[in-house]
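Novice: Numbering of the sequence shown is given in UniProt numbering, commencing with residue 1 and proceeding in unit increments. Here a beta-carbon is modelled for each residue, glycine too, at the ideal position from N, C-alpha and C. Have a look at this one before I ask anything.
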Amino acid sequence: NQKWFNKLEALQQLNLLNNPYSCLGSPSVFQGLVRLRRLHFGGPALEELKRGDLSGVTELEELTVHANNLMRYESGTLAYVWPLGRVTLSLHSPFLTNEALASAVLSDVSYPETPVIIEDLHLIGNDTVQPFRAAAKKRIRYLTLRNISLSDEALVNFLEEFSGVPLTFFMGDGVTLTGEGRWERARWTDQKSFDEFYIRNAVVLDVFKFVSFLELGFLLQYPRKVSVVNCKVFVMPCLTSALLKNLQYLDLSDNLLSDMTLKETLCDGNGTMKDLRVLNISGNALQSFSLLTHLVLKLSKLTHLDVSRNGYNSMPQSCSWPSTLRYLNLSWTSLTTITPCLPKTLKVLDLSNNDLKNLSQALPALREIHLSGNKLLRLPSGSLFPNLQTLTIQSNTLNMFSHSDLQSYQRLQSLQAGQNKFVCSCDFVDFFQSVMKGSGDVHLTDGEETYICDSPLFLQGEELGQVHRSIVECHQVLFVSVSCGVVLFVVILLSVLLWRLHAIWYLKMTWAWLNAKRNSRQRRCKDRDSEALLSFDAFVSYSERDASWVENFLVPELEEPRETDEGIMNPRHPRPLTLCLHKRDFLPGNWIVDNIMSAMERSRRTIFVLSENFVQSDWCRYELDFSHFWLFDGDSGRDAAILILLEPLSKDDVPKRFCKLRKLMSSTTYLEWPQEEEKVEGFWRSLRHALRGEEEEDTYILCN
Numbered sequence: 001n002q003k004w005f006n007k008l009e010a011l012q013q014l015n016l017l018n019n020p021y022s023c024l025g026s027p028s029v030f031q032g033l034v035r036l037r038r039l040h041f042g043g044p045a046l047e048e049l050k051r052g053d054l055s056g057v058t059e060l061e062e063l064t065v066h067a068n069n070l071m072r073y074e075s076g077t078l079a080y081v082w083p084l085g086r087v088t089l090s091l092h093s094p095f096l097t098n099e100a101l102a103s104a105v106l107s108d109v110s111y112p113e114t115p116v117i118i119e120d121l122h123l124i125g126n127d128t129v130q131p132f133r134a135a136a137k138k139r140i141r142y143l144t145l146r147n148i149s150l151s152d153e154a155l156v157n158f159l160e161e162f163s164g165v166p167l168t169f170f171m172g173d174g175v176t177l178t179g180e181g182r183w184e185r186a187r188w189t190d191q192k193s194f195d196e197f198y199i200r201n202a203v204v205l206d207v208f209k210f211v212s213f214l215e216l217g218f219l220l221q222y223p224r225k226v227s228v229v230n231c232k233v234f235v236m237p238c239l240t241s242a243l244l245k246n247l248q249y250l251d252l253s254d255n256l257l258s259d260m261t262l263k264e265t266l267c268d269g270n271g272t273m274k275d276l277r278v279l280n281i282s283g284n285a286l287q288s289f290s291l292l293t294h295l296v297l298k299l300s301k302l303t304h305l306d307v308s309r310n311g312y313n314s315m316p317q318s319c320s321w322p323s324t325l326r327y328l329n330l331s332w333t334s335l336t337t338i339t340p341c342l343p344k345t346l347k348v349l350d351l352s353n354n355d356l357k358n359l360s361q362a363l364p365a366l367r368e369i370h371l372s373g374n375k376l377l378r379l380p381s382g383s384l385f386p387n388l389q390t391l392t393i394q395s396n397t398l399n400m401f402s403h404s405d406l407q408s409y410q411r412l413q414s415l416q417a418g419q420n421k422f423v424c425s426c427d428f429v430d431f432f433q434s435v436m437k438g439s440g441d442v443h444l445t446d447g448e449e450t451y452i453c454d455s456p457l458f459l460q461g462e463e464l465g466q467v468h469r470s471i472v473e474c475h476q477v478l479f480v481s482v483s484c485g486v487v488l489f490v491v492i493l494l495s496v497l498l499w500r501l502h503a504i505w506y507l508k509m510t511w512a513w514l515n516a517k518r519n520s521r522q523r524r525c526k527d528r529d530s531e532a533l534l535s536f537d538a539f540v541s542y543s544e545r546d547a548s549w550v551e552n553f554l555v556p557e558l559e560e561p562r563e564t565d566e567g568i569m570n571p572r573h574p575r576p577l578t579l580c581l582h583k584r585d586f587l588p589g590n591w592i593v594d595n596i597m598s599a600m601e602r603s604r605r606t607i608f609v610l611s612e613n614f615v616q617s618d619w620c621r622y623e624l625d626f627s628h629f630w631l632f633d634g635d636s637g638r639d640a641a642i643l644i645l646l647e648p649l650s651k652d653d654v655p656k657r658f659c660k661l662r663k664l665m666s667s668t669t670y671l672e673w674p675q676e677e678e679k680v681e682g683f684w685r686s687l688r689h690a691l692r693g694e695e696e697e698d699t700y701i702l703c704n
């Protein structure tokens, strides 16, 4: 249908293979596909191709046509496409027997600069070869026959058809030789233009009847490049090798060569192939590295040597090489150690997929080295390779690399180090991400996604480029040091602050008070009558330095009975008062707090004898500390404090932590010991009234 591809003007590749159409249809379905560059069509059902079927296709880089059952073909159908980059034709033998039809198809696609690939052929007799005459007349230069069976007669006829034709490249891929190699009749043909001869996956059906290639001197003396790949070749006789006079490139990879047969193939190193520049003998059964160096030594123009996928598990300490050798491939050879045997002239060295654990050989001319698939723990020292530009070291046991490692490479431009077991330390993560951003001369050319963390465990599987390490993780010592410093500073600051605010005192007093109060409640539970507990009229708190005043004035005045001059009790003075003094009334052996709380519980009032001595005395302050809570506790149920000032004392002289006492001095009257003798009697009278809770009009006070 013409409308199928109408809106696909930008289409560049179209594959229509193996669909059930017998013809392409008219008008052309390809009209408008002006950008089409790759076209594949045909299949078992295709029977007819007519002029105009490819109308609209003006230029192709690749054309594939499966025409095994083609029955009708108009000459010029495929010739409509020009220029044509490469053509692949699938043509079974029944099609080739129709010489006119096959010749028309081959003629339309054969051009000197267009490589032609023909598949699925069975060339048995002369009639199956005749269609190639059309390609020969077009002086085709590049021909590939893929998946073909070839008899001796067909091969001779093929060479005769292409005699004198400038066929420079011939490739046979999947070739089955059904004859015995008797091709002498083609000796007279002219094959001077043969430049490259490539045979892959070739099979000789009856190898024991197959004759020597010595009769092919007329053919072997011309090619410069010969490849015989995966053809089960175990030896190429020296006489045959001598026929390759112009040989510069020899590929015998994936065959069955051994050390002994290689010695025969290279004529025991006598320099038969003097112009050979490239030798590929990879994928064989070679084992002796010493023999290898001996055999190639006289190949004086050899620049590239590929001996990969062989059994070279060791190398000698010293050996000789051609001075021209620049490329050496020793990958997949099970090498465990590299010795000074390596040629110093190398520019490219491939040691990938071996068992190397270190590399310490200097190669001053080396520009490119491949070390992937080994067991290297670190990058080799850059001082060994002063001219190195490319380093590949993927899939090793590399943990990390640093700026100093890369700095040792003076000219390194490209590094591929992915697929290793990286330890994602803070330094390595920072360095790697700076390299990925393009800082420095070295570029990681294998992609950021190949660099994966293996440790620490919480980062395992993460891409290195996406990892972010916190300052706590990266600077643990500094963080701990700073944290400890900050904590120490805060502790010191809090300690100073608590000391200035007397918080420790408050905490100590709260705990002691709660303790004492619990004990007090236990004692109260034994006697519900609180008045029964009152044994003293007053508990006296004073400084030892003021003890003389207490003992000589306070105690006699309050505790001793007052008598008249006649020796009888003065009726104006009721019973004497009972005072609680710590020296006299505290129970020895009891805890000081319990003694204080017990004395306060058993006293109706508490007298504080305040003076400079009181404020400065450690004992008084200690005693006042513990009594402070009780005196101003809301549960006591009474206003129990009586303040006596022995000497002038302002509230500022009282410690700030006694905030309630300071407040009391600011808001409450208190007794002041008079300095005048005539006021003493009034002082005692006011004190007695205060102790008994009576009103006294003439109380001596000092207002704050």
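At 4 residues or longer, and completely inside the segment 432-495: list those alpha helix (DSSP H) runs for me, N to C.
Specialist: 471-474
Novice: Verify whether the separation of the beta carbon atoms of Gly179 and Arg146 is less than 9 Å.
Specialist: In the sequence shown, the residue the question calls residue 179 occupies position 179. In the sequence shown, the residue the question calls residue 146 occupies position 146. Result no, Cβ atoms of Gly179 and Arg146 do not sit closer than 9 Å.
Novice: What first and last residue would you give for the beta strand (DSSP E) that runs through Thr390?
Specialist: Residue 390 sits at position 390 when you count from the first residue of the sequence shown. First-last of the beta strand (DSSP E) with Thr390: 390-392.
Novice: Any chance the segment 399-414 sits against the segment 354-364, with 3 or more Cβ pairs inside 8 Å?
Specialist: no
Novice: So what does DSSP say about Arg326, is it helix, strand or coil?
Specialist: Here residue 326 refers to the residue found at position 326 of the sequence shown. Looking at Arg326 - three-state DSSP - the assignment turns out to be coil, as it is neither helix nor strand.
Novice: With a CB to CB cut of under 8 Å and the five nearest residues on each side skipped, what residues in its chain are close to Gly461?
Specialist: As a position in the sequence shown, residue 461 is number 461, starting the count at 1. Excluding positions up to five away in sequence, the list reads Ile452, Cys453.
Novice: Determine, for Lys274, whether the minimum Cβ-Cβ distance to residues of chain C falls below 9 Å.
Specialist: This model lacks chain C altogether, as it is built from one protein chain only.
Novice: Taking only runs that begin and end inside the segment 112-191, name each unbroken alpha helix (DSSP H) of 4 or more residues, in chain order.
Specialist: 132-137, 152-161
Novice: When you compare each of Asn590, Lys274, Thr261 to Leu244 by their alpha carbons, which one comes out closest?
Specialist: The sequence position of residue 244 within the sequence shown is 244, counting from 1. The shortest C-alpha separation from Leu244 is found at Lys274.
Novice: Given a cut-off of 9 Å on the beta-carbon distance, is the pair Asn255 and Gln287 in contact?
Specialist: What you label residue 255 is simply residue 255 of the sequence shown in a count that begins at 1. What you label residue 287 is simply residue 287 of the sequence shown in a count that begins at 1. No.
Novice: So for His66, helix, strand or coil by DSSP?
Specialist: The residue you call residue 66 lines up with position 66 of the sequence shown. Three-state result, His66: strand.
Novice: Can you give me the start and stop residues for the beta strand (DSSP E) that Thr578 sits inside?
Specialist: Along the sequence shown, read from residue 1 onward, the residue named residue 578 stands at position 578. Careful: Thr578 lies outside any beta strand (DSSP E) and carries neither H nor E.
Novice: For a test of the three-state rule: what should DSSP assign to Val34, helix, strand or coil?
Specialist: As a working note, residue 34 is residue 34 in the sequence shown. Coil at Val34, not helix or strand.
Novice: Tell me whether Asp195 sits in a helix, a strand or coil according to DSSP, three-state version.
Specialist: Counted from its first residue, the sequence shown places residue 195 at position 195. In the three-state reduction of the DSSP assignment, Asp195 falls in the coil class, being assigned neither a helical nor a strand state.
Novice: Assuming contact is defined by CB atoms lying nearer than 9 Å, are Glu153 and Thr189 in contact in what I supplied?
Specialist: Numbered from its first residue, the sequence shown carries residue 153 at position 153. Numbered from its first residue, the sequence shown carries residue 189 at position 189. In this structure, Thr189 does not lie closer than 9 Å to Glu153 by Cβ.
Novice: Using the rule of at least 16 other Cβ atoms within 10 Å of the residue's Cβ for burial, across every protein chain shown, is Asp652 buried or exposed?
Specialist: As a first step, residue 652 is located in the sequence shown; it is residue number 652 there, counting from the start. Exposed, because fewer than 16 other Cβ atoms sit within 10 Å of the Cβ of Asp652.
Novice: In terms of residues, what are the limits of the beta strand (DSSP E) holding Gln416?
Specialist: Working through the sequence shown from its first residue, we reach residue 416 at position 416. Segment 414-416, the beta strand (DSSP E) holding Gln416.
Novice: Name, in chain order, the residues that DSSP records as bridge partners for Asp504.
Specialist: What you label residue 504 is simply residue 504 of the sequence shown in a count that begins at 1. Here residue 504 is Ile; the residue named in the question, Asp, does not match the sequence. In DSSP, Ile504 forms no bridge with anything.
Novice: Out of Asn590, Pro131, Arg182, Ser258, state which residue places its alpha-carbon closest to the alpha-carbon of Leu155.
Specialist: Here residue 155 refers to the residue found at position 155 of the sequence shown. Here the closest residue by C-alpha is Arg182.
Novice: Tell me the DSSP bridge mates of Gln13?
Specialist: Counting from one through the sequence shown, the residue named residue 13 turns up at place 13. Per DSSP, Arg38.
Novice: If we count the other Cβ atoms within 10 Å of its Cβ and call it buried at 16 or more, is Ile504 buried or exposed?
Specialist: Here residue 504 is taken as the residue at index 504 of the sequence shown, counted from 1. Classification of Ile504: exposed, given that the 10 Å Cβ count is below 16.
Novice: In three-state terms, what does DSSP make of Arg367?
Specialist: As a working mapping, residue 367 is identified with position 367 in the sequence shown. In this structure, Arg367 counts as coil in the three-state DSSP scheme.
Novice: To the nearest angstrom, report how far apart Phe162 and Pro386 are at their CA atoms.
Specialist: Position 162 of the sequence shown holds residue 162. Position 386 of the sequence shown holds residue 386. Their backbone Cα atoms lie some 52 Å apart in a straight line.
Novice: Pick out whichever of Glu448, Val105, Lys656, Asp306 has its Cα sitting closest to the Cα of Asp251.
Specialist: Sequence index remark: in the sequence shown, residue 251 carries index 251 (1-based). When the alpha-carbon of Asp251 is set against those of Glu448, Val105, Lys656, Asp306, the nearest one is in Asp306.
Novice: Can Ala547 and Leu577 be called in contact, C-beta distance under 9 Å?
Specialist: Locating residue 547 in the sequence shown gives position 547, where the first residue counts as 1. Locating residue 577 in the sequence shown gives position 577, where the first residue counts as 1. Their beta carbons are not under 9 Å apart, which means Ala547 does not touch Leu577 by this criterion.
Novice: Taking the beta carbon of Glu681 as the centre, do at least 16 other beta carbons fall within 10 Å, making it buried, or is it exposed?
Specialist: Position 681 of the sequence shown, counted from the first residue, corresponds to residue 681. Glu681 is exposed by the Cβ-count criterion.
Novice: Please state if the CB of Glu196 and the CB of Phe158 are separated by a distance shorter than 9 Å.
Specialist: As a first step, residue 158 must be located in the sequence shown, where it is residue number 158. As a first step, residue 196 must be located in the sequence shown, where it is residue number 196. When the beta-carbon positions are compared, Phe158 and Glu196 stay at least 9 Å from each other.
Novice: Here's the rule I'm using: 16 or more other beta-carbon atoms within 10 Å means buried, otherwise exposed. How should Trp4 be labelled?
Specialist: To locate residue 4, count along the sequence shown from 1; it is residue 4. Exposure of Trp4 is indicated by the presence of fewer than 16 other C-beta atoms within 10 angstroms of its C-beta.
Novice: The alpha helix (DSSP H) that contains Cys263, what's its start and end?
Specialist: The residue given as residue 263 occupies position 263 in the sequence shown. The identity of residue 263 in the sequence shown is Lys, whereas the question assumes Cys. It spans 259-265 - the alpha helix (DSSP H) in which Lys263 sits, taken as one unbroken run.
Novice: Starting from Ser541 and walking both ways along the beta strand (DSSP E), at which residues does that stretch end?
Specialist: Here residue 541 is taken as the residue at index 541 of the sequence shown, counted from 1. First-last of the beta strand (DSSP E) with Ser541: 536-541.
Novice: Please state the DSSP three-state secondary structure of Lys679.
Specialist: Here residue 679 refers to the residue found at position 679 of the sequence shown. Correct three-state label for Lys679: helix.
Novice: Of all the options Lys656, Leu687, Glu678, which has the alpha carbon lying nearest to the alpha carbon of Leu671?
Specialist: Within the sequence shown, numbered from 1, the residue matching residue 671 stands at position 671. Residue Leu687 is the option with its Cα nearest to Leu671.
Novice: Does DSSP put Leu78 in a helix, in a strand, or in coil?
Specialist: Counting from one through the sequence shown, the residue named residue 78 turns up at place 78. Looking at Leu78 - three-state DSSP - the assignment turns out to be helix.
Novice: Throw me the rounded Cβ distance for the Ser314 and Thr345 pair, which I believe falls under 8 Å.
Specialist: Here residue 314 refers to the residue found at position 314 when the sequence shown is read from its first residue. Here residue 345 refers to the residue found at position 345 when the sequence shown is read from its first residue. 22 Å between Cβ atoms; not a contact.
Novice: If you draw a straight line from the alpha carbon of Leu177 to that of Leu464, how long is it in whole angstroms?
Specialist: Locating residue 177 in the sequence shown gives position 177, where the first residue counts as 1. Locating residue 464 in the sequence shown gives position 464, where the first residue counts as 1. Their backbone Cα atoms lie some 55 Å apart in a straight line.
Novice: Mind checking which residues open and close the alpha helix (DSSP H) that includes Val555?
Specialist: Stepping through the sequence shown from its first residue, residue 555 is reached at position 555. Counting along the chain, the alpha helix (DSSP H) containing Val555 begins and ends at 555-559.
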